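Here the structure comes first, spelled out in structure tokens, and everything after it is commentary.
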Amino acid sequence: MNGENIAVDFLIETDQLHKWIKQLINEELNKVGLKLTNDQWLVLLFLNEKDPQAQVTIANQLKKDPASMTRIIDIIEKKGWVHRIKVEGDRRKFAIQLSVEGRRKAKMAYQILESLDTIISQKVTDETFRAIASISNP
């Protein structure tokens, strides 16, 4: 940090951190033979924990705007990994559920979490994590 402009320094460092994490995730996904984006990976992981989920719930949990979430869901639906289920009582709302193939992909995607945990924990202490979390979740 050069001390002259903390905002610029902070933005540069957080951008570098974001790029490092995305690259790390992509490398680990490639190791298990999964060709999907970080966002698609996160949706699969989220749905693997509990599905079906309302599309708006997924968007809120993953901090994505509704239009971005719709695009992500459209792509993984075309791949056959999820199905949209109409929500009873509201024609405009859909719940998202993993397909059989989606559940298989989600299990593969889940495998990389242990590897990511090892790599990240070597670089990020509990104290550092709490500091980052306090900034990103005020």
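Just so we're aligned: 110 in the numbering used here is position 90 of the sequence shown, and the numbers increase by one with no gaps anywhere.
For glycine and all other residues, C-beta sits at the position ideal for the given N, C-alpha and C.
Bear in mind that the values here come from a model prediction, so they are computed numbers and not experimental data.
- Within 10 angstroms of the beta-carbon of W61 lie 16 or more other beta-carbons, which makes it buried.
- The Cβ atoms of A74 and V107 lie closer than 8 Å to each other.
- Residue burial annotation: D71 is buried, with at least 16 other C-beta atoms found within 10 angstroms of its C-beta.
- As the crow flies, the alpha-carbon of S88 is around 10 Å from that of D94.
- A straight-line Cα-Cα distance of about 10 Å links T148 and S141.
- Per DSSP, the beta-bridge partners of K106 are F114.
- Just so you know, the alpha carbons of R91 and F114 end up roughly 14 Å apart.
- Of all alpha-carbon atoms in D85, L67, N46, V76, the one lying nearest the alpha-carbon of I132 is that of N46.
- A residue is called buried when at least 16 other Cβ atoms come within 10 angstroms of its Cβ; K127 does not meet this threshold and is exposed.
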